[in-house]
Amino acid sequence: SKVQEAYVSTVAVLADAIEAKDAYTRGHCEGVSRIAVEVGRRLGLENEELDAVRYAALLHDVGKIGIPDGILLKPGKLMEEEFSIIQKHSKIGRDLVSRVPALVHLGHVILHHHERFDGSGYPEGLDGENIPLVSRIICIVDAFDAMTTPRPYRDPIERIDAFEEIRRCAGTQFDPRIVEVVTQVLMETYGEN
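Going by the numbering used here, the sequence shown opens with residue 237, and the numbers climb by one from there.
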């Protein structure tokens with residue numbers, strides 16, 4: 237439909253805007269989206285819910301557009317003040333997508349993709365089932381991709397080590413039920429290591 241085409245075009249434009257700011261982020265968002273959709277499928281999500289996973293995963297870091305390059309692309313460790321600025325990307329992202337009627341429903345997912353299962357995440361310190369399901373999925377896949385991809389401030393770790401780290405953080409950072417599905421999908425996608 238025309239509405240669906242406009243929706244997809246809007247997502248594509250926003251994703252391109254992310255890439256213009258930070259090439260790492262675009263490839264990262266595409267990878268996260270692919271894996272997150274398969275995880276959603278295995279968790280029993282269907283059609284519109286899977287579309288929400290796909291688009292929210294593509295746009296989860298769109299708020300980085302509002303983060304100064306000097307902080308976003310900094311090669312060294314971030315100072316506490318700089319990290320608090322980086323944390324604003326969740327709210328900026330929510331605010332951006334909320335201005336597009338077809339994307340409004342993704343706002344809460346984007347806002348909460350850095351919440352932690354034990355309530356120690358940001359921006360609102362939500363815990364457990366209070367964190368939107370799609371945010372919980374994206375959070376885990378996002379972390380795996382971040383660990384296994386070169387960043388300005390560190391080298392990637394081996395996939396096998398990333399699997400271990402994700403399992404270690406089940407119940408604290410991540411939803412344990414989703415961790416199992418994510419690691420299964422990742423191992424099938426990338427192999428055991």
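Note that beta-carbon positions come from the ideal geometry of N, C-alpha and C, so glycine has one too.
Output needed for E318: all residues of its chain with C-beta closer than 8 Å, excluding positions within five of it in sequence on either side, in chain order. Exclusion of the five residues before and after E318 leaves I307 and K310 as the residues of its chain whose Cβ lies within less than 8 Å of its Cβ.
Do E351 and I373 count as a contact pair if the criterion is CB distance below 8 Å? no
With a CB to CB cut of under 7 Å and the five nearest residues on each side skipped, what residues in its chain are close to G364? F353
Apart from the five residues just before and just after R330, which ones in its own chain have a Cβ nearer than 6 Å to its Cβ? G343, I346 and L347
Length at least 4, wholly inside the region 261 to 339: the alpha helix (DSSP H) runs in chain order: Whole alpha helix (DSSP H) segments, 4+ residues: 283 to 295, 305 to 308, 316 to 322 and 325 to 333.
According to DSSP, is F410 helix, strand or coil? strand
Compute the Euclidean distance between the alpha carbons of C265 and V333, then round it to the nearest angstrom. 15 Å
CA-CA distance, S320 and D378? 19 Å
Under 6 Å Cβ to Cβ from T384, same chain only, skipping five residues before and after it: list those, please. P392, R395 and A398
Distance between beta carbons of S326 and L294, contact taken as under 8 Å: In fact, because the Cβ distance is near 15 Å, the residues do not count as touching under 8 Å.
Secondary structure of R352, DSSP reduced to three states: coil
Taking the alpha-carbon positions, what's the L339 to K238 distance? As the crow flies, the alpha-carbon of L339 is around 15 Å from that of K238.
Classification of V249 by the beta-carbon crowding that lies within 10 angstroms, buried from 16 upward: exposed
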